[in-house]
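For the working numbering, count along the sequence shown from 1 and bump the result up by 6. Note that beta-carbon positions come from the ideal geometry of N, C-alpha and C, so glycine has one too. Quick caveat: nothing in here was measured; it's all calculated off a predicted structure. Have a look at the structure below before the remarks.
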Amino acid sequence: MIEEVVNSILEAEDEAKRRVENAEREAGEIVSNAELEADKRRKTAAAENKKYLSDKLAAADSIAAKRAQEVLADAKQNTDAEIRELEKRVDATAKIILELL
């Protein structure tokens, strides 16, 4: 009878050890899988962030180039108008000078 109780206790201890070992193994696998998943998500996020930044920089470059063309066209128009006005003044001045001679 006592032997049966002792054997039963030993069997229960062995079962408890197996359960603890299984739980530790499963916990290790869960941690390992979580670390792999976190690493994968970090890499994905980094790639997505690089793409987002690249897209935004390309859009900004496009907007800047368009705006630069607009400013340049406006400046060219103003310059052309000023040159035409200056040419009129030069012609008028030359006419006045020729009349004075």
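**Request:** Taking only the alpha-carbon atoms, compute the straight-line gap between Glu32 and Asn13 and give it to the nearest angstrom.
**Result:** If you number the sequence shown from 1, residue 32 lands on position 26. If you number the sequence shown from 1, residue 13 lands on position 7. Their backbone Cα atoms lie some 28 Å apart in a straight line.
**Asked** In three-state terms, what does DSSP make of Leu104?
**Response** The count along the sequence shown starts at 1 and reaches residue 104 at position 98. Looking at Leu104 - three-state DSSP - the assignment turns out to be helix.
**Asked** Going straight from the alpha carbon of Thr50 to that of Val26, what length do you get?
**Response** Along the sequence shown, read from residue 1 onward, the residue named residue 50 stands at position 44. Along the sequence shown, read from residue 1 onward, the residue named residue 26 stands at position 20. Approximately 36 Å, taken between the alpha carbons.
**Asked** Between Ala70 and the rest of its own chain, which residues show a CB-CB distance below 8 Å, the 5 nearest in sequence each way excluded?
**Response** Your numbering for residue 70 matches position 64 in the sequence shown. Nothing listed; no residue qualifies.
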